[in-house]
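Enquirer:
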Amino acid sequence: MTQANTRKLLGLTPEELAEVARAAGLRPFAAKQMAAWLYQKRVTDIEAMTDLPKRARQWLTDNGYTIGREAPIAEARSTDGTAKYLFKGVGGRDIEAVYIPDKDRATLCVSSQAGCRMGCRFCMTGQGGWQGNLDAGAIINQVLSIPESENLTNIVFMGMGEPTDNLDAVLRAIEILTAPWGLAWSPRRITVSTIGKTDGVRRLLDETQVHMAISIHSPFALERERIMPVEKAFPMRELLPLLKSHDFAHQRRLSMEYTMFAGLNDDDRHADALARLLRGTDARVNLIRFHRTPGFEGRPSDRAAMERFRDRLNDAGITATIRASRGEDIMAACGMLAGKAKPSNNDTNE
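In the working numbering, the protein residues as written are 10 to 359.
Spelled out as C-alpha cells, the structure:
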C-alpha cells in the first residue's frame, strides 16, 4: 500500500469512525473506542488499539488505514524558550508550528495551510504564496506530536495560512479539540486569527465559542489595502457591524491585531482613528512589533512610539497592550513563518 493510498484515522469524527468500524465488521460502539485511542490515549499505531479484536486491527492495516500521526521533521529552539517545529506539509511546502512557554501558559501556534493566499505585504508566509490546505488531521497532528503536547494550555490559529480560507478543516479541528470524545478542551483556550473575511467570521461566531483575533494594522481603508490587499475584497467596514452585534465582553474575547511600522501607522492620527473605529466593539488591541522580512521595506516602530500609541488608545477607552516578541532569532515571531527551519545549537532532525 503506497503512502498516497493510505487513509488517516486522525481527524475523523465518531460518526465517520462508525463507518470505518462497520466496514471492519465491528459493532458501532467501536467508534467510541477508536476515538478514545486517537484523541485521549494518543496512540501512534493501530496495533496499540488493544480493545479492538486483532482481526479488526489487521483489517484496518490491510485496507490502508493508519493513525495519521507524524513527528516533526525538524525543530529549532530560541534563547527565550520558544520552539519552532517543522512538519510535513502539502503541495511541496512544509508547515510550521510554534510552541511559546510563558510562566503558567504554554501556547501552541498552529498552521492551517501550507502558505497563504491573502498576500499581506509584510508576512513571509504570504510572500511565498499558497500551496495547499491542511486537513483536520494535519492540524490536530501539530497539537499531539510536539514534545510539549501534554503541557499545552492554549492554542492559537496564528501560524501559516488564513483559517477562514480553509474553514471546514479548521472548524473540524476545533470540534476535535473541544468535543467530549476529543481532547475536551474549553473553547476559551483557543483563539482563531483572521484577516476578517465576513462570512468566515460569522461562521466562527455562530458555530464555535472560541476567541477571535482580527488582523487590522491600519484604521484607514486605503492604507490597509496597501499592506493587506484583501481589504479590497473584505473591507473592515463590512465586518465591523457584525463584530458590534456580539457581546464579546461576556461570551468570548475579541482582539484586534495591529502590527506597528515606523512612520506608517504609529502616530497619534492612527491611534485616534483606530479608537473611533473600534468604539462599540468590546475589542482590545494587541500592538505587535514588526519583524523585518525580505521583500518589505517597512521598519519596526520603536518602543517609545508603541508605548505612546498604547497609552493614547487606553486614554480613549480602548484597552491596548504591547505583545511581547518571542522567537525572532529562529524566525518564529509574528509574520516570519515560511515553512523552513533555521538550525540552532540544539537543533534536532529526524
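Ideal placement from N, C-alpha and C gives every residue a C-beta, glycine not left out. Keep in mind that this is a model prediction, so the values were computed, not measured.
Among R288, P309, E56 and D60, which has the Cα closest to the Cα of A8?
Expert: Residue 8 lies beyond the range of the chain shown here (10 to 359); nothing can be said about it.
Enquirer: What span of residues does the alpha helix (DSSP H) with E24 cover, start to end?
Expert: Stepping through the sequence shown from its first residue, residue 24 is reached at position 15. Counting along the chain, the alpha helix (DSSP H) containing E24 begins and ends at P23 to A32.
Enquirer: Put L180 into one of helix, strand or coil per three-state DSSP.
Expert: The count along the sequence shown starts at 1 and reaches residue 180 at position 171. In the structure shown, L180 sits in a helix (DSSP, three-state: H, G or I).
Enquirer: Relative to the alpha-carbon of D277, which residue among T134, R319, K112 and P303 has its alpha-carbon at the smallest distance?
Expert: Here residue 277 is taken as the residue at index 268 of the sequence shown, counted from 1. Checking every option, the nearest Cα to that of D277 belongs to R319.
Enquirer: From G146 to Q218, what does the alpha carbon distance come to, in whole angstroms?
Expert: Within the sequence shown, residue 146 is the residue found at index 137, counting from 1. Within the sequence shown, residue 218 is the residue found at index 209, counting from 1. Going from the Cα of G146 to the Cα of Q218 covers about 21 Å.
Enquirer: Verify whether the separation of the beta carbon atoms of F257 and D215 is less than 8 Å.
Expert: On the sequence shown, position 248 is the one that residue 257 refers to. On the sequence shown, position 206 is the one that residue 215 refers to. Their beta carbons are not under 8 Å apart, which means F257 does not touch D215 by this criterion.
Enquirer: Is DSSP giving V171 helix, strand or coil here?
Expert: The residue given as residue 171 occupies position 162 in the sequence shown. The question names Val, yet the displayed sequence has Glu at residue 171. Coil.
Enquirer: State the Cα-Cα distance for the pair Q140 and G98, rounded to the nearest angstrom.
Expert: Within the sequence shown, numbered from 1, the residue matching residue 140 stands at position 131. Within the sequence shown, numbered from 1, the residue matching residue 98 stands at position 89. Answer to the nearest angstrom: the Cα atoms are 9 Å apart.
Enquirer: Once DSSP output is grouped into helix, strand and coil, what is the label at S254?
Expert: On the sequence shown, residue 254 is found 245 positions in, with the first residue counted as 1. Three-state result, S254: coil.
Enquirer: What span of residues does the alpha helix (DSSP H) with W68 cover, start to end?
Expert: Numbered from its first residue, the sequence shown carries residue 68 at position 59. From DSSP, the alpha helix (DSSP H) with W68 extends over K63 to D71.
Enquirer: Would you kindly check if the distance between the Cβ of A44 and the Cβ of P23 is under 8 Å?
Expert: For the purposes of this step, residue 23 is identified with residue 14 of the sequence shown, where counting begins at 1. For the purposes of this step, residue 44 is identified with residue 35 of the sequence shown, where counting begins at 1. Yes. Within cutoff.
Enquirer: Would you say M245 and R262 are within 8 Å of each other, going by their C-beta atoms?
Expert: For the purposes of this step, residue 245 is taken as residue 236 along the sequence shown, with counting starting at 1. For the purposes of this step, residue 262 is taken as residue 253 along the sequence shown, with counting starting at 1. No; because the gap between Cβ atoms is not below 8 Å, this pair is not in contact.
Enquirer: Which stretch, first to last residue, makes up the alpha helix (DSSP H) that contains A44?
Expert: Taking the sequence shown and counting its residues from 1, the one referred to as residue 44 is at position 35. Its alpha helix (DSSP H) spans residues A39 to A44.
Enquirer: Ignore the nearest five residues each way along the sequence and tell me which others in T187's own chain have a CB closer than 6 Å to its CB.
Expert: Along the sequence shown, read from residue 1 onward, the residue named residue 187 stands at position 178. Only W194 and P196 meet the Cβ criterion.
Enquirer: State the DSSP-derived secondary structure class of F229, mapped to helix, strand or coil.
Expert: On the sequence shown, position 220 is the one that residue 229 refers to. Three-state DSSP puts F229 in coil, outside helix and strand.
Enquirer: Using DSSP's beta-bridge definition, name the partner residues of S270.
Expert: Locating residue 270 in the sequence shown gives position 261, counting from the first residue. Sequence check: residue 270 is Phe here, not Ser. F270 is bridged to P309.
Enquirer: I need the boundaries of the beta strand (DSSP E) containing T203, first residue and last residue.
Expert: Reading the sequence shown from its first residue, position 194 is the one you call residue 203. I199 to T203 is the span of the beta strand (DSSP E), which, as asked, contains T203.
Enquirer: Quick one: what's got a C-beta closer than 7 Å to M10's C-beta in the same chain, skipping five residues either side?
Expert: Working through the sequence shown from its first residue, we reach residue 10 at position 1. Its pLDDT being 43, under 50, M10 is placed unreliably in this model, and the coordinates cannot settle the point.
Enquirer: Whose CA, out of C118, L117, C129 and G90, lies closest to the CA of L303?
Expert: Here residue 303 refers to the residue found at position 294 when the sequence shown is read from its first residue. Residue identity differs from the one stated: residue 303 is Pro in this sequence, not Leu. If we check each option's Cα against that of P303, C129 comes out closest.
Enquirer: Leaving out the 5 sequence neighbours to the left and right, which residues in its chain are closer than 6 Å to K253 when beta-carbon positions are compared?
Expert: To locate residue 253, count along the sequence shown from 1; it is residue 244. Excluding positions up to five away in sequence, the list reads G289 and T290.
Enquirer: Note down, one range per segment and in chain order, each beta strand (DSSP E) of at least 3 residues found wholly within the stretch 80-104.
Expert: Taking only runs of at least 3 residues, the beta strand (DSSP E) segments lying wholly in the stretch 80-104 are 83-86 and 92-99.
Enquirer: From the DSSP output, which residues share a beta bridge with V107?
Expert: Reading the sequence shown from its first residue, position 98 is the one you call residue 107. K93 and C118.
Enquirer: Do S310 and F270 have their CB atoms nearer than 8 Å?
Expert: For this step, residue 310 is matched to residue 301 along the sequence shown. For this step, residue 270 is matched to residue 261 along the sequence shown. Yes, they are a contact pair.
Enquirer: Hey, out of V294, N150 and H255, whose CA is closest to K17's CA?
Expert: Residue numbering aside, residue 17 sits at position 8 when the sequence shown is read from its first letter. Checked all of V294, N150 and H255; the closest Cα to K17 is N150.
Enquirer: According to DSSP, what are the bridge partners of M243?
Expert: For the purposes of this step, residue 243 is taken as the residue at position 234 of the sequence shown. Per the sequence shown, the amino acid found at residue 243 is Phe instead of Met. For F243, which the question treats as bridged, DSSP gives no partner whatsoever.
Enquirer: Would you check if the distance between the CB atom of N295 and the CB atom of S264 is smaller than 8 Å?
Expert: As a position in the sequence shown, residue 295 is number 286, starting the count at 1. As a position in the sequence shown, residue 264 is number 255, starting the count at 1. With a cutoff of 8 Å on beta-carbon distance, N295 and S264 are scored as near each other.
Enquirer: Would I6 and A182 be called neighbours here (beta carbons separated by less than 8 Å)?
Expert: In the structure as shown, the chain starts at 10 and stops at 359, and residue 6 therefore has no counterpart that could be examined.
Enquirer: Measure the C-alpha to C-alpha separation of R212 and M169 and round it to an integer number of angstroms.
Expert: Position 203 of the sequence shown, counted from the first residue, corresponds to residue 212. Position 160 of the sequence shown, counted from the first residue, corresponds to residue 169. If I take the Cα positions, the gap works out to 21 Å.
Enquirer: Near L286, which residues of its chain fall below 6 Å by C-beta distance, leaving aside the five closest residues on each side in sequence?
Expert: What you label residue 286 is simply residue 277 of the sequence shown in a count that begins at 1. Taken in chain order, the residues that qualify are P228.
Enquirer: Sort E56, D71 and V52 by Cα distance to A32 and report the nearest one.
Expert: Position 23 of the sequence shown, counted from the start, is the residue given in the question as residue 32. For A32, the nearest C-alpha among the options comes from D71.
Enquirer: Give me whichever residues DSSP pairs with R16 in a beta bridge.
Expert: Here residue 16 refers to the residue found at position 7 of the sequence shown. DSSP output for R16 lists Y74 as bridge partner(s).
Enquirer: Return yes when the Cβ of E240 is within less than 8 Å of the Cβ of T203, no when it is not.
Expert: Residue mapping note: residue 203 aligns to position 194 of the sequence shown, counting from 1. Residue mapping note: residue 240 aligns to position 231 of the sequence shown, counting from 1. Their beta carbons are not under 8 Å apart, which means T203 does not touch E240 by this criterion.
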